[in-house]
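Worksheet: the structure to be examined is printed underneath.
In my numbering, the protein residues as written are 41 to 205.
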């Protein structure tokens, strides 16, 4: 099955290992810990007015959601392969754009998932309005995306190069 760059997440080996370790913890020891919390709270009596029980159940729900997110992310991850340095915008690329074609109004960001976000550079998801607007475009091309207020904004792709951080 061929995967498009839209449903593939590019991760370094280090990021992949961290996410896999988190998944293993949440799927094993963390599930056991939350089950113990729920059982202890259940023994306290009336569940309708049992704040500890409800808090533990909410924590369990959040944990299970994270397990599903990590499972899906890791299933579609490409590990250790930087995108080609061919000037095409795709996940794993550092992109420099000019707003409305104004060469003085520029922004540089990493196109990647939040799991790959870096403190060094602003990160936009390929599924975000800006990310989906520029994804697949080449240097020199114009891209359009929708703003939160429903209006359209246009940008020019000035540069796209693989992230090396």
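Note that CB positions come from ideal geometry on N, CA and C, so glycine has one too.
Other residues of its chain near residue 125: CB distance less than 7 Å, five sequence neighbours each side excluded: 201 and 202
C-alpha gap between residue 191 and residue 204, whole angstroms: 34 Å
C-alpha distance - residue 111 paired with residue 69, whole-angstrom precision: 17 Å
C-alpha gap between residue 59 and residue 108, whole angstroms: 12 Å
Beta-ladder partner(s) of residue 194, from DSSP: 184
Segment contact flag, the segment 128-135 with the segment 147-154, C-beta cutoff 8 Å, min 3 pairs: yes
Beta-carbon proximity list for residue 195, same chain, < 6 Å, skipping 5 on both sides: 137, 139 and 183
Helix, strand or coil at residue 152 [DSSP, three-state]: coil
Identified DSSP bridge partners for residue 135: 149 and 200
Whole-angstrom distance between residue 51 and residue 165, CA atom to CA atom: 13 Å
Delimiting residues of the beta strand (DSSP E) encompassing residue 119: 117-119
Residue 103 versus residue 143 - alpha carbon distance: 45 Å
Which residues DSSP lists as bridging residue 164, in chain order: 151
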